[in-house]
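Report on the following structure.
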Amino acid sequence: MQKIRNIAIIAHVDHGKTTLVDKILHSCSIFRDNENSGDLILDNNDLERERGITIVSKNVSVQYKDVKINIIDTPGHADFGGEVERVLKMADGVVLLCDAFEGAMPQTRFVTQKALALGLKPIVVVNKVDKENCRPEEVYEQIFELFFNLDATEDQLDFPVIYGSSKQGWMSTDWKEKTENIFPLMDAILANIPPAPIQEGTLQMQITSLDYSSFVGRIAVGRVARGTIKENMPVSLVKRDGKIVKSRIKELYTFEGLGKVKVTEVGCGDICAVVGIDGFDIGDTIADFNNPEQLEVISIDEPTMNMLFTINNSPFFGKEGKFVTSQRLRERLYKELEKNLALRLVETESPDSYLVYGRGILHLSVLIETMRREGYEMQVGQPQVIVKVIDGVKCEPIETLIVDVPGEVAGKVIELVTQRKGDLLIMEPKGDLQHLEFDIPARGIIGLRNNVLTATAGEAIMAHRFKAYEPWKGTIPGRGNGVLISMDKGMTTAYAIDKLQDRGRFFVDPGVDIYEGQILGEHIRDTDLVINVTKGKQLTNMRASGTDDNTRIAPAIKFSLEECMEYIQADEYIEVTPLSIRLRKIYLTDQERKTKGKALINQ
Numbered sequence: 001m002q003k004i005r006n007i008a009i010i011a012h013v014d015h016g017k018t019t020l021v022d023k024i025l026h027s028c029s030i031f032r033d034n035e036n037s038g039d040l041i042l043d044n045n046d047l048e049r050e051r052g053i054t055i056v057s058k059n060v061s062v063q064y065k066d067v068k069i070n071i072i073d074t075p076g077h078a079d080f081g082g083e084v085e086r087v088l089k090m091a092d093g094v095v096l097l098c099d100a101f102e103g104a105m106p107q108t109r110f111v112t113q114k115a116l117a118l119g120l121k122p123i124v125v126v127n128k129v130d131k132e133n134c135r136p137e138e139v140y141e142q143i144f145e146l147f148f149n150l151d152a153t154e155d156q157l158d159f160p161v162i163y164g165s166s167k168q169g170w171m172s173t174d175w176k177e178k179t180e181n182i183f184p185l186m187d188a189i190l191a192n193i194p195p196a197p198i199q200e201g202t203l204q205m206q207i208t209s210l211d212y213s214s215f216v217g218r219i220a221v222g223r224v225a226r227g228t229i230k231e232n233m234p235v236s237l238v239k240r241d242g243k244i245v246k247s248r249i250k251e252l253y254t255f256e257g258l259g260k261v262k263v264t265e266v267g268c269g270d271i272c273a274v275v276g277i278d279g280f281d282i283g284d285t286i287a288d289f290n291n292p293e294q295l296e297v298i299s300i301d302e303p304t305m306n307m308l309f310t311i312n313n314s315p316f317f318g319k320e321g322k323f324v325t326s327q328r329l330r331e332r333l334y335k336e337l338e339k340n341l342a343l344r345l346v347e348t349e350s351p352d353s354y355l356v357y358g359r360g361i362l363h364l365s366v367l368i369e370t371m372r373r374e375g376y377e378m379q380v381g382q383p384q385v386i387v388k389v390i391d392g393v394k395c396e397p398i399e400t401l402i403v404d405v406p407g408e409v410a411g412k413v414i415e416l417v418t419q420r421k422g423d424l425l426i427m428e429p430k431g432d433l434q435h436l437e438f439d440i441p442a443r444g445i446i447g448l449r450n451n452v453l454t455a456t457a458g459e460a461i462m463a464h465r466f467k468a469y470e471p472w473k474g475t476i477p478g479r480g481n482g483v484l485i486s487m488d489k490g491m492t493t494a495y496a497i498d499k500l501q502d503r504g505r506f507f508v509d510p511g512v513d514i515y516e517g518q519i520l521g522e523h524i525r526d527t528d529l530v531i532n533v534t535k536g537k538q539l540t541n542m543r544a545s546g547t548d549d550n551t552r553i554a555p556a557i558k559f560s561l562e563e564c565m566e567y568i569q570a571d572e573y574i575e576v577t578p579l580s581i582r583l584r585k586i587y588l589t590d591q592e593r594k595t596k597g598k599a600l601i602n603q
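In our numbering, the protein residues as written are 1 to 603.
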């Protein structure tokens, strides 16, 4: 029986997880010498590469000194905590990556807490020691303190620490001594991570993730917890609710390098992919045919935010998308529920609208972005936090917000956060920056990032994580300015935009098709203003000097999807199509807004 180690790589966003996995794959000769594999090998979908973050966890394996090491690359953002929670079940140990300058960040704490609670053995890698003004010793102390605060056991507190630079491809036990390769880390994994335990008995395997093939359909991926799983073996599928379905395994695959290899049987402790089981969900147990025993079901943190998804009913409906009906939207959302554990779906009174519950703005925006790339058209409403009544008290989700800013603009950030009911807990220097920590309602974070980045000239580094439900903090001021709304349908003209520039900042360029009720810009006052930007210049056959001035138009402001989600108010929608993102009022005509709009704002 070959020796196996199962490790998960965890870290805050952008601390170098995927880069480290790249280097491990290269150093263990997964690729031929003449094979150009590129970088960020595991971030294999367009969205992950564009954003530079890992969204879906992936597993690969390498051979090192006759030991098979299964490596699981996990997302670093707390919004994808559902991914992290389930894949850690497949690991026996974790490699915690930490930036040598930034130190332990909020999401570091989040994923570490999950790993320590499962009793996994940690190895700490202080990464990016090639950075200027890095502070490896301080970061080591900080991580030790973090482990202590998270109630780590004696064994977990006695963690080995490796210093290095994933990007430059070296690791060492001393950060001042640069080595030639990352083998010190691989040796530390073999020495400190326990081998996958072998448990004799009947089969038990929990499904922790899904794969899909157009040839064989859905594939269950998980780790064999007990016994042996064999090809063509009759098994019982124990559902989350305890219901038992009889089934048979058709094919088995184990992970080798970046791909899968077909095998006839898989022993205890290895991670494998199973083909042939129908109707399974994540968290179900594949067990013995005659006397099935269920493994503990994966528990996932509750969602903290919801958004209304509805079909696109704007005048531009169906122009760009392939899937536009409520039936298609419903099917796609239910399909997402199968693999996205932290998501919830509630049908509303209207057959065209669905309430989608998620972990945060990023979690929901990645779903919307994925759907629009697949050809879906839809509209989404303002994100709302989920309010609970606990012991008769109205409570809302509170987040811990951490902001690192240059000292001279720290005052502006504190002012912005306290306006939104945030409480300043810690203020201390960190290198040449000020480190600020707040407790703030989740409602207050929606729309805060843009204001903070504007106030700090883009120099603020923000991160937040869910803390707990606490009593309602009262009303929080929303967007300060009103919007400019289109009066007419047609093509925008440079002449009209030029004449209206003193009324606000525009979101559209000249020569763009618009419709009545579309939001075209931000008003300079706190009220909405209806404008006509389709009007052209009246031409005459008279020429006069001074009337033919060149139009000088400021560039239109282009919002990303997240920025749109943070910008809109309760009476507005984002229209999302494969080619465009537009902002609009729910009621398109001025008359409708006057009669029905007040009810929406007062909800």
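Yeah, the Cβ is synthetic: ideal placement off N, Cα and C, and Gly gets one too.
In or out: residue i buried (at least 16 other Cβ within 10 Å) or exposed?
i: Ser-486; result: buried
i: Lys-262; result: exposed
i: Lys-65; result: exposed
i: Leu-42; result: Reliability of the predicted coordinates at Leu-42 is poor, the pLDDT of 40 falling under 50, and no value is obtained from them.
i: Pro-477; result: exposed
i: Asn-313; result: exposed
i: Met-305; result: buried
i: Asn-290; result: exposed
i: Gln-591; result: exposed
i: Gln-518; result: buried
i: Arg-373; result: exposed
Give me the Cβ distance between residue i and residue j, rounded to the nearest whole Å; I'm assuming they're in contact under 8 Å.
i: Gln-204; j: Arg-240; result: At roughly 15 Å, the Cβ-Cβ gap does not stay under 8 Å, so Gln-204 and Arg-240 are not in contact.
i: Tyr-376; j: Phe-323; result: 5 Å
i: Gly-444; j: Gly-422; result: 6 Å
i: Val-403; j: Glu-459; result: That pair is no contact at about 10 Å.
i: Leu-210; j: Val-221; result: 7 Å
i: Met-491; j: Gly-381; result: Their Cβ separation, rounded to whole angstroms, is 28 Å, which puts Met-491 and Gly-381 out of contact at 8 Å.
Does residue i come out as helix, strand or coil in the three-state DSSP assignment?
i: Gln-538; result: coil
i: Val-483; result: strand
i: Ala-191; result: helix
i: Glu-338; result: helix
i: Lys-23; result: helix
i: Tyr-515; result: coil
i: Cys-564; result: helix
i: Arg-525; result: coil
i: Gly-444; result: helix
i: Tyr-495; result: helix
i: Val-413; result: helix
i: Ser-365; result: helix
i: Ala-220; result: strand
i: Gln-199; result: coil
i: Ser-326; result: helix
i: Asn-44; result: In this predicted model, Asn-44 has a pLDDT of only 43, less than 50, meaning its place in the structure is not dependable; the value taken from the coordinates is given anyway. Of the three classes helix, strand and coil, the one that applies to Asn-44 here is coil, per DSSP.
i: Glu-437; result: strand
i: Lys-176; result: coil
i: Gln-168; result: coil
i: Gln-204; result: strand
i: Gln-63; result: strand
i: Lys-114; result: helix
i: Arg-373; result: helix
i: Ala-104; result: coil
i: Val-84; result: helix
i: Gln-384; result: strand
Which residue comes first and which comes last in the beta strand (DSSP E) that contains residue i?
i: Tyr-140; result: No beta strand (DSSP E) holds Tyr-140; the alpha helix (DSSP H) holding it covers 136-149.
i: Lys-260; result: 259-263
i: Arg-420; result: Segment: none, Arg-420 is in no beta strand (DSSP E) and carries neither H nor E.
i: Leu-500; result: That residue, Leu-500, is in no beta strand (DSSP E); it is neither H nor E in DSSP.
i: Gln-569; result: It is not in any beta strand (DSSP E) - Gln-569 carries neither H nor E in the DSSP assignment.
i: Gly-93; result: 93-99
i: Arg-584; result: 581-585
i: Glu-399; result: 393-406
i: Ser-236; result: 234-238
i: Ala-8; result: 3-10
i: Phe-309; result: 305-310
i: Ser-353; result: 353-358
i: Glu-347; result: 344-347
i: Met-90; result: First-last for Met-90: undefined, no H or E at that position.
i: Lys-489; result: No beta strand (DSSP E) holds Lys-489; DSSP gives it neither H nor E.
What residue does the alpha helix (DSSP H) around residue i start on, and which one ends it?
i: Lys-467; result: Taken as a continuous stretch (DSSP letters only), Lys-467 belongs to no alpha helix (DSSP H), being part of the beta strand (DSSP E) at 461-471.
i: Leu-157; result: 154-157
Original post:
Curious, which full-length beta strand (DSSP E) runs of at least 3 residues does the region 242-303 contain?
Top reply: 244-248, 251-256, 259-263, 271-275, 285-288
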